[in-house]
Every structure is written in C-alpha cells, then in structure tokens.
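Written out below as structure tokens is the structure these notes cover.
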Amino acid sequence: MMPLFSAAAPLVQAAQKAAAHGPALLAIDGRCGSGKTTLANRLAQQLGCRIVHTDDFYLPPAKRCEGWQRQPGANMDFCRLRQEVLQPLLRGQTAQYRAYSCADGAFLPPVPLPAAPLTIVEGSYSLHPALQTKFALRVFVTCPPDVQAARLQAREGARYAQFVQRWIPLEEGYFAAHDPAARCDFVLDTSTFFV
Numbered sequence: 002m003m004p005l006f007s008a009a010a011p012l013v014q015a016a017q018k019a020a021a022h023g024p025a026l027l028a029i030d031g032r033c034g035s036g037k038t039t040l041a042n043r044l045a046q047q048l049g050c051r052i053v054h055t056d057d058f059y060l061p062p063a064k065r066c067e068g069w070q071r072q073p074g075a076n077m078d079f080c081r082l083r084q085e086v087l088q089p090l091l092r093g094q095t096a097q098y099r100a101y102s103c104a105d106g107a108f109l110p111p112v113p114l115p116a117a118p119l120t121i122v123e124g125s126y127s128l129h130p131a132l133q134t135k136f137a138l139r140v141f142v143t144c145p146p147d148v149q150a151a152r153l154q155a156r157e158g159a160r161y162a163q164f165v166q167r168w169i170p171l172e173e174g175y176f177a178a179h180d181p182a183a184r185c186d187f188v189l190d191t192s193t194f195f196v
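Our numbering puts the first residue of the sequence shown at 2, with every later residue one more than the last.
Set out below in structure tokens:
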C-alpha cells in the first residue's frame, strides 16, 4: 500500500473523524486527469472504505435531453445515484445499483454496496448541486493544463482528442457554472504528487 503524500495528511485525519461519526460520504471532484481516482484508491486503501464512481451513473444517450452538451452535468443520472446509492448508504443500509457502461452501451449486472462508516464518491460532477446530498467532506483535485494534457495523453491514447473536444469543455463549463472548489474543505493540486 502506497501512503498518501504528506499534504493529504489533514484530509486523512478529517476522513477518519468523519468515519468515526458515520455513516458518512466523502466527495472527490475535479478535473479529468487530475488524480481523482488515484486519490480515492489511496484513501480507500488507507482507510478501508469503499468507492462509488460517478462514471457508473452516466445517462444512456437515448435518455439525455436535447442539447445536453450545453448543460453542465446533463449527461449524468443524479437522481439514480442519489436514490439508489447515496441515500441508502447514509441511512446505514446496503445500496444496490447497476453501473452504466458507456463502452458497452448497457447496464451491467447489479452490484451490492454494504453500508460502511465512510464511502468515497469519486468522479466528475460528484459535487453537482443536483445530487442534493450532504457530504461530510468535499475535496476538489486539480492540476495545471500541461500536466492534465500529459496525463490524459498517456492514459487515453487515441481517445485524447475526444477529451479535448468534448469532456474538458463540459467539465470546465460545470466548474464555471457551479464552482465546486469554492465549497470544498480541501483543494489539492496533484501536479507534483501523482506522476
């Protein structure tokens, strides 16, 4: 298990405190390529908690409203995420949901998610106001554009152009419209930590 960088020590302490008073949710939002998933995985390993990925809650294309590309978060099923996962977990109940796979264009088999003292909600739009959810901790992860570009090129390969043309502008529109970083307990620049 790789320990988190020292700058995240206050985050780990705050997460441990939230878990002690759980069930609680910790949201990690931020720019694609900034290290949201890496941070979530390291926190989960260190704290022994579970992760819910917002990527599992994209709307199938046929269910998206007309002009969804111009509405920050309109490609997400916030209602399903809130009702099927977040609300049951906050009540201390097992959640069960079917992740939507964009690659397969279909819903995957149901996944049970037992309640835990702390659950991490990781991914773009995890702090969108439409979720109407109380998070014990809110984290925004960012990095400079050149670091983001290098990471996405290495991770996505030929799909990198799609991020530049579609996904980065959608995310930046969301940040401009709702400014999730301004409402966060922690804002982390991961440019020197996750390489």
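The beta-carbon is built from N, C-alpha and C at its ideal position, and this holds for glycine as well.
Simplified DSSP state of glutamine 97, which is helix, strand or coil
strand
Given this structure, state the Cα-to-Cα distance separating valine 188 from phenylalanine 58, to the nearest angstrom.
24 Å
On a Cα-Cα basis, can you pick out the residue from Ala177, Thr55, Tyr161 and Pro62 that is closest to proline 73?
Sorting Ala177, Thr55, Tyr161 and Pro62 by C-alpha distance to the C-alpha of proline 73 places Ala177 at the top.
Between aspartate 30 and phenylalanine 141, how many whole angstroms is the CB-CB distance? I'm expecting something under 8 Å.
Rounded, the Cβ-Cβ distance is 6 Å, consistent with contact.
Taking all protein chains shown into account, decide if methionine 3 is buried (16 or more other Cβ within 10 angstroms of its Cβ) or exposed.
Its pLDDT being 44, under 50, methionine 3 is placed unreliably by the model, and nothing is read from it.
Skipping 5 residues on each side, what residues in its chain have a beta carbon closer than 7 Å to that of valine 1?
No answer is possible for residue 1: the residues shown for the chain start at 2 and end at 196.
Could you tell me which of Pro118, Tyr98, Met77 and Arg152 sits nearest to glycine 124, measuring between CA atoms?
Met77
Check whether chain D comes within 7 Å of phenylalanine 176, counting only Cβ atoms and requiring the distance to be less than that.
No chain D is present in this structure, which holds just one protein chain.
Measure from the alpha carbon of proline 1 to the alpha carbon of each residue in Gly34, Pro181 and Cys185, then state which is nearest.
Past the edges of the chain, shown from 2 to 196, lies residue 1, and the structure says nothing about it.
Proximity of glutamine 97 and proline 111 at Cβ, strictly below 7 Å:
For glutamine 97 and proline 111, yes; Cβs fall inside 7 Å.
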